[in-house]
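Terminal number for the sequence shown in the working numbering: 126, no gaps in between. Virtual Cβ for every residue (Gly too), placed ideally from N, Cα, C. This report concerns only the one structure given below.
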Amino acid sequence: MPRRQERQHDVPAHELRTAQNQDVHAPILSPMKVRFTPGRVRVRIDDLELAALHRGEPLHAHVGWPGGGWTLTLDPSGHDVAGEGGTLAVGLAPLLAQLSDPAQEGVTIGGEPRVTVEKDFGPQHA
Numbered sequence: 001m002p003r004r005q006e007r008q009h010d011v012p013a014h015e016l017r018t019a020q021n022q023d024v025h026a027p028i029l030s031p032m033k034v035r036f037t038p039g040r041v042r043v044r045i046d047d048l049e050l051a052a053l054h055r056g057e058p059l060h061a062h063v064g065w066p067g068g069g070w071t072l073t074l075d076p077s078g079h080d081v082a083g084e085g086g087t088l089a090v091g092l093a094p095l096l097a098q099l100s101d102p103a104q105e106g107v108t109i110g111g112e113p114r115v116t117v118e119k120d121f122g123p124q125h126a
């Protein structure tokens, strides 16, 4: 199977610590894929991002622009979905075991918005 084409922003979670000057308190800026549709947010994470969640490390995706921005956080110790302004925090504590199950493709948290977190394990880390 051909190796996927790496994009400039595709950096494995374990390498992001180095890029953040080894600051253990710096947020992990993740290359997770995020898609918005009406009433729904879909997130796809890779195997290294799932491993980071198991280590208790929240994952963050951020897009900034002059005067604002948007941030999504997957929080392995949180229990709720909460949003305010340009920030959405998704608590995965009750669903982390299910997300880790090899038989499961992902998990969905109902509500507004409905949030789906899917595993996107390609050959890039095999």
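- Unbroken alpha helix (DSSP H) runs of no fewer than 4 residues, entirely contained in the stretch 32-71, are found at 47-54, following chain order.
- With fewer than 16 other CB atoms across the displayed protein chains lying within 10 angstroms of its CB, Ala-93 is exposed.
- Along the stretch 73-115, the alpha helix (DSSP H) occurs as fully enclosed runs of 4 or more residues at 96-100, listed in sequence order.
- One Cα belongs to Val-81, the other to Val-90, and the distance between them is close to 5 Å.
- Taking Pro-102 as reference, the option from Ile-109, Gly-110, Glu-112 and Asp-47 with the minimal CA-CA separation is Asp-47.
- Within its own chain, the residues whose Cβ lies closer than 7 Å to the Cβ of Gly-86, once the five positions on either side in sequence are excluded, are Gly-68, Gly-69, Trp-70 and Thr-71, listed in chain order.
- Excluding sequence positions up to five before and after Arg-44, its CB lies within less than 6 Å of the CB of Lys-33, Glu-118 and Asp-120, all in the same chain and listed in chain order.
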